[in-house]
Amino acid sequence: TRYIRNARDLAEYVHGDFSYQAFLNAALIALSFGGGAIDDASPYKTATKQGAFLTFGGPFILDCVARVAMYALKAAWYQKWNVHRKARPEVFGGVVHNVKTGASSYSLHSKLLNSPALADVYSQHGSYLLPQAYAEGSPTHPTFPAGHAVISGACVTVLKACLLESFVIPGAVVASDDGLSQSPY
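My numbering puts the first residue of the sequence shown at 20, with every later residue one more than the last.
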């Protein structure tokens, strides 16, 4: 276990998260500081008789993050299966592997087949297949668009609309280079 410090750690995080977990956590952290993190444009911020709750308050923000994540995922899934249908890079890596090992014959460009990158991958892994972040390999769905990326854009948009961008989280920390400790941001 370590703190997220690089893209490999982030890949492991998204391997087991639910798709909008980071953004739900961000909203919960921001809301834990009371109304100070809620955008000043909220009409309830200065109200003396009523506070933000269902409208522009914590439940509203949390609901918006969850809803927009679902809409973004549905849009991404539609694009993956009904519009783009692009094979994942790992699939093309399999084609290259089969050509290089003689298992299949496809017309691939000589610059690809003679690439030093292929030799490096083979020397490190004993295969021309692309190295994978996950032991079980590539997901079985088409590659584009990336669901986590689409959800990220949608959720960040909601958080930016509802929360003060200038709000400074007290005691914020960053991961150390080895990911085993934290230091002040």
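Where a beta carbon is used, it is the ideal one built from N, C-alpha and C, also for glycine. This one's a predicted model, so the numbers in the text were calculated from it and none came from an experiment.
Determine the direct distance from the alpha carbon of residue j to that of residue i, and round the result to whole angstroms.
i: residue 150; j: residue 110; result: 12 Å
i: residue 20; j: residue 197; result: 11 Å
i: residue 44; j: residue 98; result: 27 Å
i: residue 107; j: residue 204; result: 37 Å
i: residue 82; j: residue 105; result: 32 Å
i: residue 145; j: residue 116; result: 11 Å
i: residue 170; j: residue 87; result: 8 Å
i: residue 120; j: residue 135; result: 16 Å
i: residue 96; j: residue 162; result: 10 Å
i: residue 1; j: residue 159; result: Residue coverage of the chain in this structure runs from 20 to 204, which leaves residue 1 outside it and unanswerable.
i: residue 35; j: residue 154; result: 13 Å
Which two residues bound the contiguous alpha helix (DSSP H) that contains residue i?
i: residue 187; result: First-last for residue 187: undefined, no H or E at that position.
i: residue 85; result: 77-97
i: residue 116; result: 108-120
i: residue 141; result: 135-144
Let's test the definition: count the other Cβ atoms within 10 Å of the Cβ of residue i and tell me whether it reaches 16, buried, or not, exposed.
i: residue 156; result: exposed
i: residue 52; result: exposed
i: residue 57; result: buried
i: residue 47; result: exposed
i: residue 38; result: buried
i: residue 102; result: exposed
i: residue 188; result: exposed
i: residue 172; result: exposed
i: residue 166; result: buried
i: residue 127; result: exposed
i: residue 199; result: exposed
Return the residue from the list the options that minimises the CA-CA distance to residue i.
i: residue 22; options: 204, 194, 203, 202; result: 194
i: residue 42; options: 162, 93, 85; result: 85
i: residue 90; options: 121, 177, 35; result: 177
i: residue 50; options: 25, 36, 78, 26; result: 78
i: residue 11; options: 112, 200, 202, 190; result: The question about residue 11 has no answer here: the residues shown for the chain are numbered 20 through 204.
i: residue 92; options: 31, 34, 174, 143; result: 174
i: residue 181; options: 31, 35, 76; result: 76
Starting from residue i, trace the beta strand (DSSP E) in both directions and tell me its first and last residue.
i: residue 193; result: 192-194
i: residue 201; result: 201-203
Between residue i and residue j, which are expected to be in contact by the criterion C-beta below 8 Å, what is the C-beta distance as a whole number of angstroms?
i: residue 137; j: residue 118; result: Wrong, their Cβ atoms sit about 10 Å apart, outside the cutoff.
i: residue 168; j: residue 27; result: About 17 Å separates the two Cβ atoms, so there is no contact after all.
i: residue 202; j: residue 192; result: 6 Å
i: residue 140; j: residue 125; result: 18 Å between Cβ atoms; not a contact.
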